[in-house]
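J.:
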DNA sequence: TACAGTAGAGAACGATGGTTCTCTCCGCAA
DNA sequence: TTGCGGAGAGAACCATCGTTCTCTACTGTA
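Chains as they are written, first to last, in UniProt numbering: chain E, 1 to 189; chain V, 1 to 189.
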């Protein structure tokens, strides 16, 4: 039998695939059981409720997001390039099969109004990202205001790419970010 | 009794309020009946299904959005100011009680994967907005690429404002849009 | 007054979902 | 070999939901 750790991972990964592809409420716990290969009894031993499982899925997505952003930044030389690397990371993600937007935004729209825990998880993730960008912006010697502007481009790119399937969205966002960074540089040399 | 037109309006407005505040799937048709004051039998005479009602709600939201954007632009003198007026419109909206993000983005995240009709309605709305901005950008004599960048800022502002409740989001987006327009102007005088 | 038609209230129906319970089976200790 | 603890399969349970149906009451008309 799978040990507790492996079973938990399997359930969270399965739930993530299903929730992301179809939406949380469209997926029954029985579908999670089938996808994960873990009995309902075991799932409810690992998670108190479906809401708990959703929170765990969002925690997994946060780790994946942080890793992806960090990996993209690792190849970049300057703080400025590390900021722009976010959009290269997005570009690759948008082209993946089954891309359906940001799981946090989707979950917030679906459940944020009825589940404070899920709303908090989404808020925490978005605030952490904003903090990450703010750190890079300061490293680059630019004013703090630029950070929120870059974040808005990244968020807008995610929803627009999800809805339109336009493959040029990430590039357009990157171009806009470059222009914003350049504009800020001329004002704070 | 309400005539057909009035009953339809009442049901759509009630459904809009409830769906927007709580999410579509969290609201039962009986709650719509209670809020609208129209019997279930009548509702199902006006709409074939709940999905139909959701599509009608999105059509209402599209009209409201178009009206709001047009009204904001009406006060503006130049094409450039009409573009920036979008962000003033957003700023006022974000400060309204009960603001919970873009209903289209929320509906897409919740139901886009399972309802092609809803996904299409969302896509149509977003494409129309992009077309509107593109028209203004061309009037201003700027390159087409700026339009998508402005759209990304507007979309990002909506999701970020919904999640964080930060009241400075629309202003930051407006500032970014100004910088992008200025940058494009220096390159195409 | 009697009647036909219509509308509303809400019960009913069939499906589905989250959660729990039962039953059976397996591995292992004595 | 016997008995026990735990695990899985899936039935069961209760609530909810979308949708339809029934019954009652009222309106306008002859």
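C-beta: ideal position from N, C-alpha, C; glycine also.
Interface residues of chain E around residue 164 of chain V at Cβ under 9 angstroms?
T.: 123, 126, 127, 130
J.: Hey, would you say residue 122 of chain V sits closer than 8 angstroms to residue 99 of chain V, going by beta carbons?
T.: no
J.: Between which two residues does the alpha helix (DSSP H) holding residue 96 of chain E run?
T.: Taken as a continuous stretch (DSSP letters only), residue 96 of chain E belongs to no alpha helix (DSSP H), as it is neither H nor E.
J.: Distance, Cα to Cα, residue 127 of chain E vs residue 169 of chain E?
T.: 23 angstroms
J.: Using a Cβ cut-off of 9 angstroms, which residues of the segment 82 to 93 of chain V contact any Cβ in chain E, in chain order?
T.: none
J.: Strictly under 8 angstroms for the Cβ-Cβ distance: is residue 180 of chain E near chain V by that measure?
T.: yes
J.: Alpha carbon to alpha carbon, what distance is there between residue 115 of chain E and residue 53 of chain V?
T.: Near 24 angstroms, if we compare the C-alpha coordinates of residue 115 of chain E and residue 53 of chain V.
J.: Could you tell me which whole alpha helix (DSSP H) segments of length 4 or greater appear in the segment 29 to 94 of chain E?
T.: Whole alpha helix (DSSP H) segments, 4+ residues: 29 to 36, 40 to 46, 50 to 74, 79 to 94.
J.: For residue 22 of chain E, return the contacting residues in chain V, with the cut-off set at a CB-CB distance below 8 angstroms.
T.: Result: 113, 114.
J.: Residues of the UniProt domain "HTH tetR-type" (5 to 65) of chain V in Cβ contact with chain E at a cutoff of 8 angstroms, in chain order, please.
T.: 21, 22, 23, 25, 26
J.: Going straight from the alpha carbon of residue 132 of chain V to that of residue 163 of chain E, what length do you get?
T.: Straight-line Cα distance between these residues: approximately 17 angstroms.
J.: Can you give the Cα-Cα distance for residue 167 of chain E and residue 55 of chain V, rounded to whole angstroms?
T.: Spanning the two alpha carbons is a distance of roughly 27 angstroms.
J.: Locate the alpha helix (DSSP H) running through residue 166 of chain V, then write down its first and last residues.
T.: It is not in any alpha helix (DSSP H) - residue 166 of chain V carries neither H nor E in the DSSP assignment.
J.: Report the CB separation of residue 33 of chain E from residue 113 of chain V in whole angstroms; it is logged as a contact under 8 angstroms.
T.: Contact between residue 33 of chain E and residue 113 of chain V does not hold, since their C-beta atoms are separated by about 20 angstroms, which reaches or exceeds 8 angstroms.
J.: If distances are taken between C-alpha atoms only, which option among V:141, V:29, V:142, V:149 comes closest to residue 129 of chain V?
T.: V:149
J.: Is it buried or exposed for residue 186 of chain E, if we count other Cβ within 10 angstroms and need 16 for buried?
T.: exposed
J.: Whose C-beta lies closer than 6 angstroms to the C-beta of residue 102 of chain E among residues of the same chain, with five residues either side of it excluded?
T.: 158.
J.: Any idea if residue 40 of chain V is buried or exposed, counting beta-carbon neighbours within 10 angstroms, 16 or more meaning buried?
T.: Result: exposed.
J.: Need the endpoints of the alpha helix (DSSP H) that residue 107 of chain E sits in, please.
T.: For residue 107 of chain E, the uninterrupted alpha helix (DSSP H) segment begins and ends at 103 to 111.
J.: Quick check on the DSSP output: the alpha helix (DSSP H) that includes residue 116 of chain V runs from which residue to which?
T.: 116 to 139
J.: What are the residues in the segment 133 to 155 of chain E lying within 8 angstroms of chain V by C-beta distance?
T.: 145, 148, 149, 151, 152, 153, 154, 155
J.: Using only the alpha-carbon positions, how far apart do residue 94 of chain E and residue 38 of chain V sit?
T.: 44 angstroms
J.: Using the beta-carbon of each residue, which ones in chain V are nearer than 8 angstroms to residue 110 of chain E?
T.: 23, 25, 106, 109, 110
J.: Quick one: what does DSSP say residue 182 of chain E is sitting in, helix, strand or coil?
T.: helix
J.: Just to confirm the assignment, what range does the alpha helix (DSSP H) spanning residue 26 of chain E have?
T.: Neither: residue 26 of chain E is in no alpha helix (DSSP H) and is coded neither H nor E.
J.: Given this structure, state the Cα-to-Cα distance separating residue 83 of chain V from residue 137 of chain V, to the nearest angstrom.
T.: 8 angstroms
J.: Out of V:29, V:2, V:35, which has the shortest C-alpha to C-alpha gap to residue 17 of chain V?
T.: V:35
J.: In whole angstroms, give me the CA-to-CA distance for residue 117 of chain V and residue 141 of chain E.
T.: 47 angstroms
J.: Within 8 angstroms (strictly less), CB to CB, does residue 100 of chain E reach chain V?
T.: yes
J.: DSSP three-state call for residue 142 of chain E: helix, strand or coil?
T.: coil
J.: Nearest-angstrom Cα distance between residue 87 of chain V and residue 47 of chain V?
T.: 35 angstroms
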